[in-house]
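S.K.:
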Amino acid sequence: MVMEPSQLNSVDEDLAQRRAKEKKEDVDYHRKPLLRHLVNTLIVLGILAIVVFVFVILIANSR
Numbered sequence: 001m002v003m004e005p006s007q008l009n010s011v012d013e014d015l016a017q018r019r020a021k022e023k024k025e026d027v028d029y030h031r032k033p034l035l036r037h038l039v040n041t042l043i044v045l046g047i048l049a050i051v052v053f054v055f056v057i058l059i060a061n062s063r
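If you want it as structure tokens, here you go:
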């Protein structure tokens, strides 16, 4: 099948748009789990800080 040059140009544009979309989705795919891990880490550290703070207050008041 022989394509006209104008058709080839539109095919190249379609491929470029598809690749750009796939690259954006790939970046989003790798970025979202990282954000989730960071949020989970901050939550765990916050809970740990509260527990330590409560124990420090209990120990200070017991003396």
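Under UniProt numbering, think of the first position of the sequence shown as 1, with each following residue one higher.
Ideal Cβ positions, reconstructed from N, Cα and C, are used throughout, including at glycine.
Quantities reported herein were computed from a predicted structural model and do not represent experimental measurements.
1. If you run the structure through DSSP and keep just helix, strand and coil, what is R36?
2. Do you know how far the Cα of L48 is from the Cα of I57?
3. State the DSSP-derived secondary structure class of R63, mapped to helix, strand or coil.
4. Cβ of A49 within 7 Å of any heavy atom in the ligand FAD?
M.R.: Based on what the coordinates show:
1. As a first step, residue 36 must be located in the sequence shown, where it is residue number 36. For R36, the secondary structure class from DSSP, reduced to helix, strand or coil, is helix.
2. The residue labelled residue 57 in the question sits at position 57 within the sequence shown. The residue labelled residue 48 in the question sits at position 48 within the sequence shown. Looking at the backbone, the Cα of I57 and that of L48 are separated by about 14 Å.
3. Taking the first residue of the sequence shown as position 1, residue 63 is located at position 63. Three-state DSSP puts R63 in coil, outside helix and strand.
4. Ligands are entirely absent from the displayed structure, and the ligand FAD is therefore not among its contents.
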